[in-house]
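In the numbering used here, the protein residues as written are 2 to 430. Cβ coordinates follow ideal geometry from the N, Cα and C atoms, glycine included. All figures in this text were calculated on a predicted structure; none of them were measured in a lab. Heads up: the structure comes next, in structure tokens.
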Amino acid sequence: RRQRFVKALLHRNLPDGSKLQYTHDWVPCPGGGPILPCPGAFDTARATEVTDLNDLKATVVNEPVHLTEADIGLFKDAPKYCVRAYNPTTYTSCGVTKMLSSPPSRIVTLNQGVTEFALAMGLADKMVGTAYLDDAIWPRYAEEYSAIPVLSSSYPNETTIMSVEPDFIMGSYKSAFAEHPRGDRNGIFTNKSVTFGAGEITVGPCDGENSDWFPAGSTNETNPTAYSTCRQQLNENGIGTWLEPGNCEDSAFNPSETTEETIYAAIRQLGKIFDVPSVAETLISEMKVDFGIAERTVASLDTKLTAVWLDCVGRCCKDENGEDDPNQLFIGSGRGAPNLIMKEAGLTNVFAAKEGNWACVTIDEMAAADPDVLIIVDASWDTALKKVEFLHDHEKTCSISAVQKADYITIPFSASTLGPRNGAAALDM
């Protein structure tokens, strides 16, 4: 039974479709001690080094599979084996530093980009809740995703999040950690006590360092962020947080331009946090293949097509009175994932000089730019078809050659944030 169980654990820790085969790190404990994190334990090089498990076969890789405390308990009748302890890990996400004594095991993801990141890292069995899909989950992760509770179609409230007792929360956007209320939009976390397991937890108030301003960033007490966020307070309550680099509360932490290395650094950090560095490297290798093929495919082009990444029309940009401005368009500018994908696909972003990941431009500006191609974002809450109808209903946009020829490329909104599908999106484009 024990041999079958060990094999099951090996398979359970492999994401579906993974090319990795893990070896184990269970070794005879010095002196035949009990099943505990064992200071004298070492990473075995061959499966046959484990006493009484000679028929267990595994390909040697750089990193071992780790058992959780719950798994260890199932081995209480096998006193010959021990498990390598997790080394305490310190990481910094968008200026906020957190120390972990063990890998997170109850993860909540609040945006699709980080949901797919977690699934790509093989963490489905540790995900206790997801939220806020922008479009269909990437098919390669659909089966695993279907088994994870969906807390809300948009952002869940604080009570719902805490009901699943998370020890780690991930977000693609700073709004995922917003204090409630904030200005004219709802936040999530409050200064009220909510049920958390057998007890209660109070996250807010979210103010001061790393909430209103960031000592290591460009903000300060007299020049605070646009609204308060609660990652510092969640960390202090024992709930780790991770925010996508590039969408930090303090823009000083954002990269000057999102590149392939920005994505790879994020993946490696997640690999360190969740103690799956080999999975991280495999994901990076797969993405490098996609980006590489895209680059080689367009390398021989004599001229590059110009393009505009059209994210939103009619409602995402405001006029001087704070009202929706139908004469402005929300586009991908020069610092974020949209610009990266366009560059890797051989397209020239006509608004690459605009600051930030996204920017507002007037219809006149786009008409003057006259791009060869329009990349039209498709989201469940703002479809590509609505944007096409908008373009064809306006005289000025009808003058654009790409509109006249209907030279459109549609792309899922979920590809516009950092995530495992960025390389595939560039290759497809």
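Tell me the DSSP secondary structure of residue i in three-state form.
i, result
"serine 415", "helix"
"asparagine 360", "The sequence given here has alanine at residue 360, not asparagine. Of the three classes helix, strand and coil, the one that applies to alanine 360 here is strand, per DSSP."
"threonine 161", "helix"
"tyrosine 92", "strand"
"leucine 428", "helix"
"leucine 302", "coil"
"leucine 244", "strand"
"threonine 263", "helix"
"asparagine 236", "helix"
"aspartate 291", "helix"
"leucine 111", "coil"
"alanine 119", "helix"
"asparagine 423", "helix"
"glycine 272", "helix"
Using CA coordinates, which residue listed in the options is at the minimum distance from residue i?
i, options, result
"tryptophan 310", "Val97, Tyr265, Gly335, Thr91", "Gly335"
"leucine 271", "Leu284, Thr260, Thr259, Glu261", "Leu284"
"glycine 329", "Leu235, Thr93, Glu366, Ser417", "Note that residue 329 is glutamine in the sequence shown here, rather than glycine. Of Leu235, Thr93, Glu366, Ser417, the residue nearest in Cα terms is Glu366."
"leucine 302", "Gly347, Asp394, Pro140", "Gly347"
"serine 155", "Leu428, Thr398, Ser381, Cys313", "Ser381"
"proline 225", "Asp251, Pro206, Gly247", "Asp251"
"glycine 315", "Pro413, Phe391, Tyr133", "Phe391"
"glutamate 145", "Ser153, Thr90, Val129", "Val129"
"serine 402", "Ala369, Phe197, Gly420", "Ala369"
"asparagine 423", "Ala177, Thr263, Gln234, Lys99", "Thr263"
"leucine 152", "Asn112, Ala353, Ala295, Ile202", "Asn112"
"glutamate 159", "Phe169, Tyr174, Gly188", "Gly188"
"threonine 307", "Val299, Arg107, Val374", "Val374"
"tryptophan 243", "Cys95, Ala281, Met100, Glu396", "Cys95"
"asparagine 211", "Ile274, Ile202, Gly239, Phe178", "Phe178"
"glutamate 356", "Asp379, Glu345, Pro413, Pro256", "Pro256"
For residue i, does the count of other Cβ atoms within 10 angstroms reach 16, so buried, or fall short, so exposed?
i, result
"proline 372", "buried"
"methionine 171", "buried"
"glycine 181", "One detail in the question is off: residue 181 reads as histidine in this sequence, not glycine. Label assigned to histidine 181: buried."
"alanine 267", "buried"
"alanine 426", "buried"
"serine 415", "buried"
"glutamine 405", "exposed"
"glutamate 1", "Examination of residue 1 is not possible in this model, given that the chain is present from 2 through 430 alone."
"alanine 227", "exposed"
"asparagine 358", "buried"
"proline 421", "buried"
"threonine 298", "exposed"
"glutamate 261", "buried"
"glutamate 222", "exposed"
Please confirm whether residue i and residue j have their CB atoms less than 7 Å apart.
i, j, result
"valine 109", "proline 150", "no"
"cysteine 318", "cysteine 361", "yes"
"threonine 418", "glycine 114", "yes"
"threonine 259", "alanine 338", "yes"
"glycine 1", "threonine 191", "Outside the displayed span of the chain (2 to 430) sits residue 1, for which this structure offers no information."
"methionine 122", "valine 277", "yes"
"asparagine 322", "glycine 333", "no"
"isoleucine 410", "isoleucine 376", "yes"
"valine 351", "arginine 232", "no"
"phenylalanine 292", "cysteine 313", "no"
Can you check the region 175–221 for any beta strand (DSSP E) of at least 3 residues that lies completely inside it and give the ranges in chain order? 195–197, 200–202
Could you pull out every unbroken alpha helix (DSSP H) segment of at least 4 residues lying fully inside the region 332–409, listed in chain order? 338–345, 364–370, 385–393, 402–405
Enumerate, from N- to C-terminal direction, the unbroken beta strand (DSSP E) stretches of 3 or more residues contained entirely within the region 125–155. 128–132, 151–153
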